[in-house]
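Some notes on the structure that comes next.
There are 2 protein chains.
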Amino acid sequence: MQKTTVEIEKASHVLKLLGDKTRLTIMAILKQRECCVCELLEVFDMSQPAISQHLRKLKDAGLVKEDRRGQWIYYSLNPRSELYDLIQDILQHIPDQTENIRKIEENTPALRCGC
Amino acid sequence: MQKTTVEIEKASHVLKLLGDKTRLTIMAILKQRECCVCELLEVFDMSQPAISQHLRKLKDAGLVKEDRRGQWIYYSLNPRSELYDLIQDILQHIPDQTENIRKIEENTPALRCGC
DNA sequence: TAATCATATAACTATATACTTATATAAAGC
DNA sequence: GCTTTATATAAGTATATAGTTATATGATTA
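Order-wise, the sequence lines are chains A and B. Mapping the first sequence onto the working numbering, position 106 (from 1) lands on 106, and the numbers just tick up by one. To convert, take the position in the second sequence, counting from 1, and add 115; that gives the working numbering.
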């Protein structure tokens, strides 16, 4: 066990980001599967800009990375973040997101993207 | 490794609490040493009610417990919290608080309490 | 090039949050 | 019982935050 230590400022900032139910769920989902915004929309009862704004904050903090493929932008956890170990230690305690992923794959907005 | 899973609601609530620099520092200090409010006042540039209000939130969430001894109320981490494992996994990444504890013991407001 | 789809940004709003000061409670010592 | 010390609570305020709707950007396809 490597116990990467993180400045208290940075740690509290990332904990605040994860201290929102929507963002924490997004992170837990992204741990299991990369997603685009339209896929996450299947999970949350919320507008598209709301999801985009949450992802923006996570991206600004370096917690997620984006990968554009055509019209779609796929989000995933950023393993190069200096906070990655902390994030993993936290997400380990969060319930499995298979049910939410099922919701995504049920309506498969991703089908439209042809991947 | 036991990986206690915590409901997403509870997890996000506790992460939000730890997502404040002052509260996160308090938790990191309490991990190393029980403290009363007047001791924590040595560390933070903040009013006494501000510290009390932070401790109140941590107590309401079950993260800390209090132990009154005479006029003083000593706060410490609550090992009986269902969130204890998560908390420990987080605090593991927070820098050592020995310097802040030195500040406390330098002015030793605790001396007055005769312990 | 126009229409469509995915996403981002802007502007706004309601609520939450972290402080402040003033005051209350509670224990200890004179 | 009065004063002091430690802590809590109340009330108020400024700022942060998470959502909304409207609009812009950017890629794809007809």
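All C-beta atoms, glycine included, are put in the ideal place defined by N, C-alpha and C.
- Rounded to whole angstroms, the gap between the alpha carbons of A/S76 and B/L173 is 32 Å.
- Counting of Cβ neighbours within 10 angstroms places A/N107 among the exposed residues, the total staying below 16.
- Taken residue by residue, none of the segment 48–78 of chain A has a beta-carbon sitting less than 9 Å from a beta-carbon on chain B.
- Taking 9 Å as the upper bound on Cβ-Cβ separation, chain B lies near residues I8, E9, A11, S12, H13, V14, L15, K16, L17, L18, G19, D20, K21, T22, R23, L24 and T25 of the segment 8–25 of chain A.
- Restricting attention to B/I202, B/T140, B/V152 and B/L130, the CA atom closest to the CA of B/N215 is found in B/T140.
- Around the beta carbon of B/K118, a 10 Å sphere encloses fewer than 16 other beta carbons of the protein chains shown; the residue is thus reported as exposed.
- Using a C-beta cut-off of 8 Å, the segment 118–134 of chain B makes no contact with the segment 153–162 of chain B, since fewer than three inter-stretch Cβ pairs fall below that distance.
- With a cutoff of 8 Å on beta-carbon distance, A/L63 and A/L91 are scored as not near each other.
- Per DSSP, the continuous beta strand (DSSP E) segment holding B/K180 begins and ends at V179 to R184.
- DSSP, reduced to helix, strand and coil, places B/I205 within a helical segment of the structure shown.
- Contact between A/S81 and A/I87 holds: their C-beta atoms lie close to 7 Å from each other, under 8 Å.
- A/E7 and A/N78 have their C-alpha atoms roughly 19 Å apart.
- The beta carbon of B/R148 lies closer than 6 Å to those of I216 in the same chain, with the five residues before and after it left out.
- Beta-bridge annotation (DSSP): A/S76 is paired with A/K65.
- The bridge partners DSSP lists for B/C151 are B/Y189.
- One finds I90 and H93 in chain A with Cβ atoms closer than 8 Å to the Cβ of B/L201, taken in chain order.
- Judged by beta-carbon spacing, B/A143 lies beyond the 8 Å limit of A/H93, meaning their Cβ atoms are not closer than that value.
- In the three-state DSSP reduction, A/D96 falls in the coil class, being neither helix nor strand.
- For A/T4, a Cβ of chain B is located within less than 8 Å of the residue's own Cβ.
- Distances from the alpha-carbon of B/I166 to those of B/D182, B/R138 and B/D204 put B/R138 closest.
- The criterion of a C-beta distance shorter than 8 Å is not satisfied by A/P49 and B/T120.
- Contact annotation: A/G19 and B/G134 have beta-carbon atoms nearer than 8 Å.
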